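What follows is one structure encoded as structure tokens, with my remarks underneath.
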Amino acid sequence: METPPSSRSREPELNLRYDLQLRLRDILKDITESGSGPQQIILTSHSPAFETGECFYAMTRTADGPTVTRRPIKEAAMFTQQHGVQPDDQRAAFGYVSSDGLLRLSDKTRQQLGVEHGGGVVMVKRADHPYVEVLTNEQFHKLAFGEGDVE
């Protein structure tokens, strides 16, 4: 069995805005599918931009040294994001903020806000709350102009 041509890259997302990381991901995919470049690209990354496909290979530290295991893609966030203790799924859904401020929300959060296909959101920090809220433009308008309760 012959090994297909491959290329390796370590943390290609460094110094790239999130939208450029997504573009790089698509370019790398095009290269592997073109037939004129490497058929495999092996990269290490902490960016969710590269969380595609059905699985990924996770590297963890063990008493015997580093261990690499094949994992389902739905577990990738446990390795690419620093969550600490995660609240249960009924109360919270994690997203991602890039170094240039691009906010990526989970599918569940976008659905709850009604912006599955994009749309405006507003971050609100109320004086009497210790946290920041994400509201749709419509919810913010109701809050700002006292037009009923925000749902």
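If you read the sequence shown in this note's numbering, its first letter stands for residue 2, the second for the next number, and so on. Note that CB positions come from ideal geometry on N, CA and C, so glycine has one too. None of these values were measured; they are calculated from a predicted model.
Residue i versus residue j: straight-line alpha-carbon distance, rounded
| i | j | result |
| --- | --- | --- |
| Gly115 | His130 | 24 Å |
| Asp31 | Lys126 | 42 Å |
| Ala59 | Thr45 | 9 Å |
| Thr70 | Gly147 | 53 Å |
| Arg11 | Gly102 | 23 Å |
| Val133 | Ser8 | 42 Å |
| Leu15 | Leu106 | 21 Å |
| Gly85 | Leu144 | Note that Gly85 has pLDDT 49, beneath the 50 cutoff, so the model's placement of it is unreliable and the number below is only indicative. Distance between the alpha carbons of Gly85 and Leu144: 32 Å. |
| Arg72 | Arg62 | 15 Å |
| Glu139 | Gln113 | 13 Å |
| Arg35 | His142 | Residue 35 is actually Ser in this sequence, not Arg. Computed Cα separation, rounded: 49 Å. |
| Asp27 | Leu21 | 10 Å |
| Ala64 | Val135 | 42 Å |
| Leu29 | Thr137 | 35 Å |
Residue i and residue j closer than 9 Å at C-beta
| i | j | result |
| --- | --- | --- |
| Phe80 | His118 | no |
| Val122 | Leu104 | yes |
| Thr33 | Gln41 | yes |
| Pro39 | Ala77 | no |
| Thr110 | Gly120 | no |
| Pro13 | Leu23 | no |
Whole-angstrom C-beta distance between residue j and residue i, which should lie under 8 Å
| i | j | result |
| --- | --- | --- |
| Phe51 | Ile74 | Incorrect: roughly 10 Å between the Cβ atoms, too far for contact. |
Other residues of its chain near residue i: CB distance less than 6 Å, five sequence neighbours each side excluded
| i | result |
| --- | --- |
| Pro67 | Met60 |
Cβ-heavy atom distance, residue i to the ligand ADP, below 8 Å
| i | result |
| --- | --- |
| Arg71 | The model on display carries no ligand, and the ligand ADP is accordingly not part of it. |
Own chain partners of residue i with C-beta closer than 8 Å, once the 5 adjacent residues on each side are dropped
| i | result |
| --- | --- |
| Glu55 | Pro73, Ile74 |
List in chain order: all unbroken beta strand (DSSP E) runs of 3+ residues lying wholly within the stretch 14 to 46. 41 to 45
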